[in-house]
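Sequence positions in the sequence shown follow this note's numbering and run 131 to 828. C-beta atoms are modelled at their ideal positions from N, C-alpha and C, and glycine is treated no differently. The structure displayed is predicted, hence computed values, not measured ones.
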Amino acid sequence: MTKFNDLLLIILMVILTKAAAATEELTILTHDYPPYQYQQGNQLKGISTAIVKEILKKLNYPDNIQVRSWNAGYYLTQTRTKHILFSMTRISERENLFKWVGPITSFTYYFFKKKGSPIHLTSLEDAKHVASIGTTKNYDTHLFLASKGFNNLKLISNDVNNYKAFSVNRLDLIPLGQLAIPFVAKQAQVKPTIFENTGVKLFEAHYYIAFSKDTADETIAQWQQALDEIKATGIYHRIYAQAVQAAYADFQVYDEKPTIVFFNPTESGNPAWQRGEAFMQAVAANLELNLEIYHANEDKYNLMNQIRNVLQAPTKPEAILFQQNDDYDKAILQLTDKFKIPAFMLSTPEQKLDGIPRQQYPYWLGKMLLAKESIATDEIFLQGGWALILLHDYLQGFDFAEEGLDFPSYENSSTSSVNLNQTQFFQDNKWSKIDFKQFSKRYNPELKQYNFSLAALIQQHQDSFSTEPSRNVIHLMTSEWAPYTSIKMKNYGVFTEIVTAAFKEMGITTEYIFEDWLKGYNKLLEGTQLATFPYTKTPKREQEVYFSPEIISSKYVLFYNKRYKTDFNYDNWQDLKKYSIAGVPGYFYEETFKQQGIKYYKFNSEALAFRELYQGHVDLFPTDELVGLNLLQELYPTNYKEVFSSLAKPLLISSFHVIFSKTHPDGEKMRNLFAEGLTRIKAKGIYQAILDRGLQQH
131 MTKFNDLLLI ILMVILTKAA AATEELTILT HDYPPYQYQQ GNQLKGISTA
181 IVKEILKKLN YPDNIQVRSW NAGYYLTQTR TKHILFSMTR ISERENLFKW
231 VGPITSFTYY FFKKKGSPIH LTSLEDAKHV ASIGTTKNYD THLFLASKGF
281 NNLKLISNDV NNYKAFSVNR LDLIPLGQLA IPFVAKQAQV KPTIFENTGV
331 KLFEAHYYIA FSKDTADETI AQWQQALDEI KATGIYHRIY AQAVQAAYAD
381 FQVYDEKPTI VFFNPTESGN PAWQRGEAFM QAVAANLELN LEIYHANEDK
431 YNLMNQIRNV LQAPTKPEAI LFQQNDDYDK AILQLTDKFK IPAFMLSTPE
481 QKLDGIPRQQ YPYWLGKMLL AKESIATDEI FLQGGWALIL LHDYLQGFDF
531 AEEGLDFPSY ENSSTSSVNL NQTQFFQDNK WSKIDFKQFS KRYNPELKQY
581 NFSLAALIQQ HQDSFSTEPS RNVIHLMTSE WAPYTSIKMK NYGVFTEIVT
631 AAFKEMGITT EYIFEDWLKG YNKLLEGTQL ATFPYTKTPK REQEVYFSPE
681 IISSKYVLFY NKRYKTDFNY DNWQDLKKYS IAGVPGYFYE ETFKQQGIKY
731 YKFNSEALAF RELYQGHVDL FPTDELVGLN LLQELYPTNY KEVFSSLAKP
781 LLISSFHVIF SKTHPDGEKM RNLFAEGLTR IKAKGIYQAI LDRGLQQH
């Protein structure tokens, strides 16, 4: 009986301990840092605030949040019992000072300079040589830079004073996250365009809720579980989007419509251009831009006079847009630099111009690359619309430099065998109902990568472009990965052509959507997409999806930059731990790296990873050999052979497959049909003919 009583006592103590944790009185603090947390009248608002309030609601905690200065909140949470402070970046210097729940949101810190500053950075180390870097005392950026040996830091009491000192040239650099810039500018009473991203990254910041060290572990577990549930149910993304839009409205960061002038080199009477101009005006209206269009009537002298008059006028536009032409583009860029007006260019990959955007010409923001065959069509204005989105985001503080300064509009898009050309698109005015804000990072801060193409518009509004439904048409997902899959290649690349032929053999028509790898894979897991490709087998994937038979063999290699390091010692996975490695989330090595304890720097695309390798910021980058060589030839056509090489020992010899959803009702059936079709086209010689034709140039 005594043992039974003892057991009851233990159970009762556990229950009481958990109950105490559930009712533990906590002092909840926050600090002013819009759009994450801020006061609007008597209301406490912001992204982090909304998420914390949702946690409190789930846990039946009272909503008693107090606003303190950053330093006061930091001190109290570190020294007093049962205190909470949000948002706080979780970094190694703070790890043992608090207990943590999160992350509630994430972003990247970059160094920003003032627009027009001659400072040029290529690495974090370069920033040690500027006169002054402004940061708020005890901020994550202060602790991070101090730990890296920076002795040129100016510690300022609060954010607003920091921004104001920067705006009047008392600071050379400040570290910021991109999303905060419109609000930073509003607080400092300056235009957001004075903040120019240097492209030099400090670190990935993950905002957490910090708890005093004495907080019960059960309380931490309950808060973490509540946050995880909010994320899992989709409430998180709704709260995030609503909080961002509310912050923009509360701060009125866009109280004036920016004016952008487009200089059209042709005449105004051309019907195709009229349709295209209407498209650009629709984009501008949707994004709340004032768009003015000037026509030069094929007269370059008239064009230059128009530009001079606009730039010399008392009221100047916020930016201009023009089409590249060897006769006058340098003169235009010299004028925009003289008058300090941002300029964006519509160009083609074949057109060359001395100088690099933002270096030789500081106010040349970048250019939109057009497909050569599209120059004489309406697509020139489709690119004009995309350029307006980039300019809109830039003027509102969302610099696109992180993704690059050359935007190929035909990549990362969707297409299909349906004959939907741009002429039909403009004639039918299908774009008039499109909400272009969905393509803007200003309106979608969680958007990882711009997706610019006519087909991207079509996919967003399938109802306007629907064809007669057919049970013999299927939609498959892939991504831009030449030479295997590419919207720019004939039949969309050799792998895609094989997939098309195999299904055609079984009487099935294929249509393709070009999408981000991770997004495509996640849609398979959800059962909202049937199949995607190409994928390498891993144990985890084999549990989650169906694999087709092998389509093409693959060799993954490790690329390196010969200018920086050549003495690599690599025999096995563990040897890679001593090198800095770039990688793209969702690729096969992510799973292996995690198992082997290999850390790597994550980038949204292979182009960005190769750029880091080119600049010497990382030692190695793994990718398929043919894909890597194809991309390097595109990115660095004049010197890629002199700069890049790959290690002799492959990282992986494997094969590529089509993967099918296990949760889609037709997943297994379509996998079996595809396997049968593949066997048939191999027997007929169709497979080998496609393979020989598609890979002969590589």
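Neighbour-count burial assignment, R210, 16 or more Cβ in a 10 Å radius: exposed
Terminal residues of the beta strand (DSSP E) in which L499 lies: First-last of the beta strand (DSSP E) with L499: 494 to 499.
Buried or exposed (CB count within 10 angstroms, at least 16 for buried), V298: The residue is exposed, with fewer than 16 neighbouring Cβ atoms inside 10 Å.
Residues near S600 in its chain [Cβ-Cβ closer than 6 Å; skip 5 each side]: Note on S600: pLDDT 42, under 50, position unreliable in the model; no value is reported.
For A426, the three-state DSSP class (helix, strand or coil): coil
Residue ranges of each alpha helix (DSSP H) within the stretch 271 to 298, 4 or longer: Segments of the alpha helix (DSSP H) lying fully in the stretch 271 to 298: 289 to 297.
H605 versus G623, E635, L654, residue with shortest Cα-Cα distance: L654
Residues near G758 in its chain [Cβ-Cβ closer than 6 Å; skip 5 each side]: F689
Buried versus exposed, by CB contacts within 10 Å (16 or more), A150: No answer about A150 holds up, because its pLDDT of 44 lies below 50 and its placement is not dependable.
DSSP bridge partner residues for A612 (one or two, in chain order): A612 pairs with nothing; no bridge assigned.
Same chain, Cβ closer than 8 Å to V629, five either side skipped, listed in chain order: L606, T640, F663, I681, V788, F804
Any 3 or more C-beta pairs closer than 8 Å across the stretch 183 to 201 and the stretch 299 to 308: Contact fails: fewer than three Cβ-Cβ distances are below 8 Å.
I820 (DSSP reduced to helix, strand or coil): The answer is helix: DSSP assigns I820 an H, G or I state.
Own chain residues within Cβ distance below 6 Å of I519, not counting five before or after: F569, S570
Validate contact between the stretch 324 to 344 and the stretch 212 to 220 using beta carbons, cut 8 Å, 3 pairs: As far as the Cβ criterion goes, the stretch 324 to 344 touches the stretch 212 to 220, which means the pair count is three or higher.
Inter-residue CB distance, G716 and W647 (contact presumed, cutoff 8 Å): 4 Å
Cβ-Cβ separation, I234 to A194 (assumed contact under 8 Å), whole Å: In the sequence under discussion, the amino acid at residue 194 is Asn, which differs from the Ala named in the question. Rounded, the Cβ-Cβ distance is 19 Å, inconsistent with contact.
Boundaries of the beta strand (DSSP E) in which W230 is found, first to last residue: 229 to 244
Identified DSSP bridge partners for Y168: Residue pairing by DSSP places Y168 opposite K175 in a beta bridge.
Rounded Cβ spacing between L285 and L275 (contact assumed at less than 8 Å): Between L285 and L275, the beta carbon gap of about 10 Å keeps them out of contact (Cβ cut-off 8 Å).
Neighbourhood of Y705 by C-beta, 7 Å cutoff - its chain only, sequence neighbours within 5 removed: Looking at the sequence shown, residue 705 is not Tyr but Asp. The answer, listed in chain order, is N699.
Span of the alpha helix (DSSP H) around P312: 311 to 318
Stretch pair the stretch 365 to 372 + the stretch 248 to 259: three plus CB contacts closer than 8 Å: no
First through last residue of the beta strand (DSSP E) which encompasses G329: 325 to 341
Simplified DSSP state of F751, which is helix, strand or coil: strand
Cβ contact (3+ pairs, closer than 8 Å) linking the stretch 263 to 282 and the stretch 368 to 381: no
C-alpha gap between L738 and Q659, whole angstroms: 28 Å
Q411: CB within 6 Å of a non-hydrogen atom of the ligand SAH: The ligand SAH is not among the ligands present in this structure, which contains no ligands whatsoever.
A379 versus D529: straight-line alpha-carbon distance, rounded: 20 Å
Proximity of L156 and K212 at Cβ, strictly below 7 Å: Against a cut-off of 7 Å, the Cβ pair of K212 and L156 comes out as a contact.
Endpoints, the alpha helix (DSSP H) within which M800 is located: From DSSP, the alpha helix (DSSP H) with M800 extends over 797 to 813.
Stretch-stretch touch, CB-based, cutoff 8 Å, three pairs: the stretch 612 to 622 with the stretch 766 to 780: Fewer than three beta-carbon pairs drawn from the stretch 612 to 622 and the stretch 766 to 780 are found closer than 8 Å, and the two stretches are therefore not classed as touching.
3 or more residues per run - each beta strand (DSSP E) lying fully within the stretch 676 to 742: 682 to 691
Within 7 Å, strictly: CB atoms of I177 and P165: yes
Pair within 7 Å by beta-carbon distance, D754 and Y709: no
Cβ neighbour criterion (16 or more within 10 Å) applied to E503: Unreliable positioning characterises E503 in this predicted model, as indicated by a pLDDT of 44, which lies under 50. The coordinate reading is nonetheless provided below. By the 16-neighbour rule on beta-carbons within 10 angstroms, E503 is exposed.
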